[in-house]
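Undergrad: Residue numbers (UniProt numbering): 1 to 535. Backbone N, C-alpha and C fix where the C-beta goes; we use that ideal spot for every residue, glycine too. Note that the structure is predicted; figures quoted are calculated from it, not measured. Encoded as structure tokens, here's the structure I'll be asking about.
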């Protein structure tokens with residue numbers, strides 16, 4: 001990443017995605033703000049005073065992306081260490097573990113990896129403890145599942161975790177879930193050195209900048225990271241060499257801790273339930289492939305207490321809720337909090353629900369009524385949706401088809417903020433926009449323009465900064481420059497697409513994201529007028 005002092009920069013000769021001028025080809029940036037957008041002809045007036053002139057040569061300029069849900073340290077550890085995402089089999093996974101362990105220096109610490117997913121393996125199961133110990137050559141090793149709601153841990157790591165066998169979710173031979181997983185994860189993270197953490201966090205910020213991401217929402221908490229981890233990340237981001245980072249602290253009743261840590265909210269991954277892949281998302285009806293309904297971590301009363309406390313403190317609350325029963329608990333709790341402290345005060349803070357996958361029409365209406373923001377991850381559907389995906393195996397075809405209903409949320413006026421939940425799915429903003437526009441359930445698809453807005457302006461609105469995320473005079477200069485093919489307007493309804501592409505509509509185009517086409521390539525990322533990445 002490269003840091004440059006903000007100055008006067010004129011960009012010309014391209015396409016500028018701006019509501020101020022849908023046909024703009026040039027933009028002027030002064031310091032950390034956008035001063036003007038317009039045509040190349042009018043830009044000549046600024047050419048003599050600009051400190052830098054960027055000849056776009058047809059490139060596209062857009063607002064920088066906002067990833068509204070990340071775990072920076074875990075993402076960086078996957079980027080720099082053992083990433084098992086896409087591993088095709090149990091045998092390949094064990095071989096990768098052995099190669100990774102053998103390549104490490106003898107430090108005596110804990111090794112960390114991520115991304116395994118047994119649902120697509122021909123063996124159809126995760127490794128046993130004996131198989132993992134053999135592959136890891138006796139090392140202390142933590143391997144989070146792709147959804148980060150269960151993990152494999154070797155005998156050496158288990159021995160470091162006090163009282164592990166007595167915790168809910170303990171399995172003597174297989175993956176750990178619930179409290180047992182949280183405990184072993186804390187043990188693994190506690191053994192990271194400050195330098196390991198810094199290297200991982202810097203890797204995440206670097207990768208984000210390379211992808212045109214100008215801001216990240218870090219979802220921290222006592223069960224998924226630590227106070228020290230969040231403090232270190234915010235300090236690193238404050239150096240101004242990469243994307244901005246806004247922290248959330250997911251601890252029940254953790255208002256004062258969130259304030260102490262300079263977090264923007266007491267939420268994020270405050271778990272009401274787990275994840276579908278790990279059979280821990282909390283459902284009203286049993287899983288199709290298991291005789292239980294998942295795990296409930298919080299009650300509606302606990303949700304109400306937390307929302308009321310956050311509202312009284314003027315701080316945004318947020319909850320991780322995936323299953324329909326978990327979503328119900330959140331909605332009942334938020335509504336009860338409104339009855340205590342005032343519904344208008346609750347709505348004004350736009351409390352968040354992370355993931356919010358299993359929503360019916362009644363739940364969507366409640367989101368709109370309560371002023372909730374849906375912080376969602378379209379890449380989940382791309383990875384696990386469709387007729388042969390994990391969702392169908394876990395829920396059956398009918399229930400799976402109702403997951404992630406983005407079009408219905410938009411129709412109801414529910415604000416959307418898109419993220420990756422990295423490392424659960426990779427940092428991939430254009431891929432995320434594509435996943436929403438080409439959702440595997442047709443009725444849930446939204447236009448590319450709406451998806452792009454959710455991944456740019458939606459992330460800023462989620463933290464109460466409604467004026468950011470657009471390229472208009474006076475706005476903060478957070479933008480990215482892209483090499484992209486012909487710009488088009490894509491919408492799930494061909495009649496809308498046909499109207500929007502008419503020049504009279506004044507609808508600016510975006511890259512063609514049809515599956516199979518190459519995604520745009522980032523040429524430069526600018527945050528508050530400073531170039532943080534240049535290809």
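Is the beta carbon of residue 66 closer than 9 angstroms to that of residue 27?
TA: By one-based count along the chain shown, residue 27 stands at place 27. By one-based count along the chain shown, residue 66 stands at place 66. No, the Cβ-Cβ distance between residue 27 and residue 66 is not below 9 angstroms.
Undergrad: For residue 526, report the span of its beta strand (DSSP E) as first-last.
TA: Locating residue 526 in the chain shown gives position 526, where the first residue counts as 1. Unbroken beta strand (DSSP E) run through residue 526: 521-527.
Undergrad: Over the uninterrupted alpha helix (DSSP H) stretch that includes residue 567, give me the two end residues.
TA: Because the chain spans 1 through 535 in this model, residue 567 falls outside it and cannot be assessed.
Undergrad: Which two residues bound the contiguous beta strand (DSSP E) that contains residue 63?
TA: On the chain shown, residue 63 is found 63 positions in, with the first residue counted as 1. It spans 60-63 - the beta strand (DSSP E) in which residue 63 sits, taken as one unbroken run.
Undergrad: State the DSSP-derived secondary structure class of residue 13, mapped to helix, strand or coil.
TA: Residue 13 sits at position 13 when you count from the first residue of the chain shown. Looking at residue 13 - three-state DSSP - the assignment turns out to be coil, as it is neither helix nor strand.
Undergrad: Less than 9 angstroms separating the beta-carbons of residue 97 and residue 113?
TA: In the chain shown, the residue the question calls residue 97 occupies position 97. In the chain shown, the residue the question calls residue 113 occupies position 113. Yes, they are a contact pair.
Undergrad: From residue 286 to residue 292, what does the alpha carbon distance come to, in whole angstroms?
TA: Here residue 286 corresponds to residue number 286 of the chain shown, with the count starting at 1. Here residue 292 corresponds to residue number 292 of the chain shown, with the count starting at 1. Cα-Cα distance, rounded: 5 angstroms.
Undergrad: Thinking residue 385 and residue 410 are a contact (beta carbons under 8 angstroms), I'd like their distance in whole angstroms, please.
TA: Position 385 of the chain shown, counting from 1, holds the residue named residue 385. Position 410 of the chain shown, counting from 1, holds the residue named residue 410. No, residue 385 and residue 410 are not in contact; Cβ-Cβ is about 18 angstroms, not under 8 angstroms.
Undergrad: I'd like to know whether the C-beta atoms of residue 425 and residue 379 end up nearer to each other than 9 angstroms.
TA: As a position in the chain shown, residue 425 is number 425, starting the count at 1. As a position in the chain shown, residue 379 is number 379, starting the count at 1. Taking 9 angstroms as the Cβ cut-off, residue 425 and residue 379 qualify as a contacting pair.
Undergrad: Excluding five sequence neighbours on each side, which residues of the same chain lie with their C-beta closer than 6 angstroms to the C-beta of residue 520?
TA: Sequence index remark: in the chain shown, residue 520 carries index 520 (1-based). Excluding sequence neighbours, residue 520 sits near 430, 482, 484 and 511.
Undergrad: State whether the segment 169-187 contacts the segment 120-137, with contact taken as three or more CB pairs (one from each stretch) at a distance under 8 angstroms.
TA: In short, these stretches touch, since the Cβ pair count reaches three.
Undergrad: DSSP three-state call for residue 53: helix, strand or coil?
TA: As a position in the chain shown, residue 53 is number 53, starting the count at 1. Strand.
Undergrad: Taking buried to mean at least 16 other C-beta atoms within 10 Å of its own C-beta, is residue 2 buried or exposed?
TA: As a working note, residue 2 is residue 2 in the chain shown. Note that residue 2 has pLDDT 48, beneath the 50 cutoff, so the model's placement of it is unreliable and the number below is only indicative. Residue 2 should be labelled exposed.
Undergrad: If we ignore side chains and look at the alpha-carbon of each, how far apart do residue 290 and residue 158 end up?
TA: Indexing the chain shown from 1 puts residue 290 at position 290. Indexing the chain shown from 1 puts residue 158 at position 158. For residue 290 and residue 158, the distance between alpha carbons rounds to 26 angstroms.
Undergrad: Mind checking who residue 511 pairs with in its DSSP beta bridge?
TA: Position 511 of the chain shown, counted from the first residue, corresponds to residue 511. According to DSSP, which records beta bridges pairwise, residue 511 is partnered with 487.
Undergrad: Relative to the C-alpha of residue 89, which residue among 237, 125 and 233 is closest?
TA: Mapped onto the chain shown, residue 89 falls at position 89. The residue with the shortest Cα to Cα distance from residue 89 is 125.
Undergrad: Just tell me which of 54, 109, 222 and 363 has its CA closest to the CA of residue 193.
TA: What you label residue 193 is simply residue 193 of the chain shown in a count that begins at 1. Cα-wise, what sits closest to residue 193 is 109.
Undergrad: Write down the C-beta distance between residue 156 and residue 198 rounded to the nearest angstrom, noting that I regard them as a contact closer than 8 angstroms.
TA: Indexing the chain shown from 1 puts residue 156 at position 156. Indexing the chain shown from 1 puts residue 198 at position 198. Rounded, the Cβ-Cβ distance is 25 angstroms, inconsistent with contact.
Undergrad: Per the DSSP calculation, residue 246 is bridged to which residue(s)?
TA: Against the chain shown, residue 246 aligns to sequence position 246. Answer is 217.
Undergrad: If you draw a straight line from the C-alpha of residue 392 to the C-alpha of residue 400, how long is it?
TA: Position 392 of the chain shown, counted from the first residue, corresponds to residue 392. Position 400 of the chain shown, counted from the first residue, corresponds to residue 400. One C-alpha to the other measures close to 5 angstroms.
Undergrad: Mind checking which residues open and close the alpha helix (DSSP H) that includes residue 143?
TA: What you label residue 143 is simply residue 143 of the chain shown in a count that begins at 1. Element bounds for residue 143: not the alpha helix (DSSP H) but the beta strand (DSSP E), 141-145.
Undergrad: Across which residues does DSSP place residue 563 in a beta bridge pair?
TA: Since the first residue of the chain shown is 1 and the last is 535, residue 563 is not available in this structure.
Undergrad: Counting pairs of Cβ atoms below 8 angstroms between the segment 366-382 and the segment 416-425, do you hit three or more?
TA: Contact holds: three or more Cβ-Cβ distances are below 8 angstroms.
Undergrad: Three or more C-beta pairs closer than 8 angstroms, one from the segment 32-50 and one from the segment 458-478: is that the case here?
TA: Because the criterion of three Cβ pairs below 8 angstroms is met, the segment 32-50 and the segment 458-478 touch.
Undergrad: What are the boundary residues of the beta strand (DSSP E) that residue 30 is part of?
TA: Your numbering for residue 30 matches position 30 in the chain shown. Run containing residue 30: 26-30, per the beta strand (DSSP E) assignment.
Undergrad: Going by other Cβ atoms of all chains shown within 10 Å of its Cβ, with 16 needed for buried, is residue 515 buried or exposed?
TA: Taking the chain shown and counting its residues from 1, one reaches residue 515 at position 515. With fewer than 16 Cβ atoms within 10 Å of its Cβ, residue 515 is classed as exposed.
Undergrad: Which one or two residues does DSSP pair with residue 533 in a beta bridge?
TA: For the purposes of this step, residue 533 is taken as the residue at position 533 of the chain shown. For residue 533, which the question treats as bridged, DSSP gives the partners 525.
Undergrad: Note the first and the last residue of the continuous beta strand (DSSP E) segment covering residue 112.
TA: Here the question's residue 112 lines up with position 112 in the chain shown. Where residue 112 is concerned, the enclosing beta strand (DSSP E) stretches over 111-116.
Undergrad: Just grab the DSSP bridge partners of residue 422 for me.
TA: Here the question's residue 422 lines up with position 422 in the chain shown. Residue 422 is bridged to 70.
Undergrad: Under three-state DSSP, which class holds residue 37?
TA: The count along the chain shown starts at 1 and reaches residue 37 at position 37. The answer is strand: DSSP assigns residue 37 an E or B state.
Undergrad: Quick one: is residue 49 buried, meaning 16 or more other Cβ sit within 10 Å of its Cβ, or exposed?
TA: For the purposes of this step, residue 49 is identified with residue 49 of the chain shown, where counting begins at 1. Exposed, by the Cβ-count rule.
Undergrad: Quick one: Cα of residue 535 to Cα of residue 527, how far?
TA: As a first step, residue 535 must be located in the chain shown, where it is residue number 535. As a first step, residue 527 must be located in the chain shown, where it is residue number 527. One C-alpha to the other measures close to 15 angstroms.
Undergrad: Name the residue from 149, 148, 179 and 85 whose alpha carbon lies nearest to the alpha carbon of residue 161.
TA: Position 161 of the chain shown, counted from the first residue, corresponds to residue 161. The shortest C-alpha separation from residue 161 is found at 179.
Undergrad: Does residue 346 come out as helix, strand or coil in the three-state DSSP assignment?
TA: As a first step, residue 346 must be located in the chain shown, where it is residue number 346. Residue state, collapsed to three classes: helix.
Undergrad: Grab the span of the alpha helix (DSSP H) containing residue 316 for me, first residue to last.
TA: Position 316 of the chain shown, counting from 1, holds the residue named residue 316. Not the alpha helix (DSSP H): residue 316 falls in the beta strand (DSSP E), residues 316-321.
Undergrad: On the CB-based measure, 16 or more other CB atoms within 10 Å of its CB, does residue 299 come out buried or exposed?
TA: The residue given as residue 299 occupies position 299 in the chain shown. The residue is exposed, with fewer than 16 neighbouring Cβ atoms inside 10 Å.
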